[in-house]
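A.B. asks: Below you'll find the structure I mean.
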Amino acid sequence: MHYLFEPLSVPSISVRETDARFPVRRIWCVGRNYGEHTREMGGDPAHDLPIFFAKPSDAVTMEEVLPYPLHTENLHHEIELAVAIGQQGVNIPVQTALDHVFGYALALDMTRRDLQAVAKKSGQPWDLSKGFDQSCPISGIVPVSQSGHLVKGRISLAVNGTVRQQGDISDLIWPIPEIISILSSFVELRPGDLVLTGTPSGVGPVKVGDRLEGECEGVGKLHVRYTER
Numbered sequence: 001m002h003y004l005f006e007p008l009s010v011p012s013i014s015v016r017e018t019d020a021r022f023p024v025r026r027i028w029c030v031g032r033n034y035g036e037h038t039r040e041m042g043g044d045p046a047h048d049l050p051i052f053f054a055k056p057s058d059a060v061t062m063e064e065v066l067p068y069p070l071h072t073e074n075l076h077h078e079i080e081l082a083v084a085i086g087q088q089g090v091n092i093p094v095q096t097a098l099d100h101v102f103g104y105a106l107a108l109d110m111t112r113r114d115l116q117a118v119a120k121k122s123g124q125p126w127d128l129s130k131g132f133d134q135s136c137p138i139s140g141i142v143p144v145s146q147s148g149h150l151v152k153g154r155i156s157l158a159v160n161g162t163v164r165q166q167g168d169i170s171d172l173i174w175p176i177p178e179i180i181s182i183l184s185s186f187v188e189l190r191p192g193d194l195v196l197t198g199t200p201s202g203v204g205p206v207k208v209g210d211r212l213e214g215e216c217e218g219v220g221k222l223h224v225r226y227t228e229r
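Position 55 (the sequence shown) corresponds to 55 in full-length UniProt numbering; numbering is contiguous.
Below, the structure is given as structure tokens:
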């Protein structure tokens, strides 16, 4: 096959205690999956189905020093548990959903909140507020063989040493098996897919020079610092 130009390399994530890399296919995100965060964003936790949106695969980055994104003066942090899919499936039953999980990581769903607010107000898509370059900083993946399946555990984010977000995985409105099952009824999940499971309350602004430290029991830590563009 002849390409017009050299294809870009596949985005990938390191896997703990191995030289192997997890190639990223798609990134699916769940919005408003913690009750307090749903309320702080003006929503009702009792919604019928999870809210899904996507980021491009090359939004992932394992760099710890990042430039402040373009076209925003109100960048927000959202710390999340990421589920790495390792087995194909469609219409996956809740009872077997965890069989499709390869492992877990800690991710940030960085959001250009000012762009999102404008898009929401005008009823337009808000892809550019979520799917921009390096909008998904992520830690290495911990395989299920090491972590077991995560049904509880503290997840938190500190900015410049001050804790802003904290919650527990057990607080998810839609637990991981249900997220996988419902998402797989809309799209076929394949190895390489990532599913970000939602963020606790306390989301807020990030400024140039800020140091972000995320932590999740059973997964580890994530460090990011933002510099001038």
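All C-beta atoms in this analysis are idealised placements derived from N, C-alpha and C, irrespective of residue type, glycine included.
Give the single residue among V224, D127, Y226, E215 whose Cα lies nearest to the Cα of Y104.
C.D. replies: Position 104 of the sequence shown, counted from the first residue, corresponds to residue 104. For Y104, the nearest C-alpha among the options comes from E215.
A.B. asks: Assuming F102 and A82 make a contact with CB atoms under 8 Å, what is their CB distance in whole Å?
C.D. replies: Here residue 102 corresponds to residue number 102 of the sequence shown, with the count starting at 1. Here residue 82 corresponds to residue number 82 of the sequence shown, with the count starting at 1. The pair is not a contact, with the Cβ atoms about 11 Å apart (cut-off 8 Å).
A.B. asks: With a 10 Å radius around its C-beta and 16 neighbouring C-beta atoms as the bar for buried, classify T199 as buried or exposed.
C.D. replies: The count along the sequence shown starts at 1 and reaches residue 199 at position 199. Classification of T199: buried, given that the 10 Å Cβ count is 16 or more.
A.B. asks: Span of the alpha helix (DSSP H) holding A117?
C.D. replies: Here residue 117 refers to the residue found at position 117 of the sequence shown. Looking at the DSSP string, the run of the alpha helix (DSSP H) that includes A117 is 113 to 122.
A.B. asks: If you draw a straight line from the C-alpha of R16 to the C-alpha of L157, how long is it?
C.D. replies: Counting from 1 along the sequence shown, the entry for residue 16 is found at position 16. Counting from 1 along the sequence shown, the entry for residue 157 is found at position 157. Cα to Cα, the separation comes out at about 21 Å.
A.B. asks: Over what stretch of residues does the alpha helix (DSSP H) that includes I27 continue unbroken?
C.D. replies: One-based indexing of the sequence shown puts residue 27 at position 27. No alpha helix (DSSP H) contains I27, which is instead part of the beta strand (DSSP E) from 27 to 31.
A.B. asks: Can you look up I180 in the DSSP assignment and give me helix, strand or coil?
C.D. replies: Taking the first residue of the sequence shown as position 1, residue 180 is located at position 180. In this structure, I180 counts as helix in the three-state DSSP scheme.
A.B. asks: With H, G and I counted as helix, E and B as strand and the rest as coil, what does DSSP make of H37?
C.D. replies: Looking up residue 37 in the sequence shown gives position 37. Because H37 carries a pLDDT of 49, less than 50, the predicted location of this residue cannot be relied on, and the following value inherits that uncertainty. Three-state DSSP puts H37 in a helix.
A.B. asks: Figure out for me which residue from S185, Y34, D114, Q88 has the closest Cα to the Cα of L128.
C.D. replies: In the sequence shown, counting from the first residue as 1, residue 128 sits at position 128. It is D114 whose Cα lies nearest to the Cα of L128.
A.B. asks: Which word fits E73, buried or exposed, when buried means at least 16 other C-beta atoms lie within 10 angstroms of its C-beta?
C.D. replies: The residue you call residue 73 lines up with position 73 of the sequence shown. Burial call: exposed.
A.B. asks: Name the DSSP bridge partner or partners of G204?
C.D. replies: For this step, residue 204 is matched to residue 204 along the sequence shown. H77.
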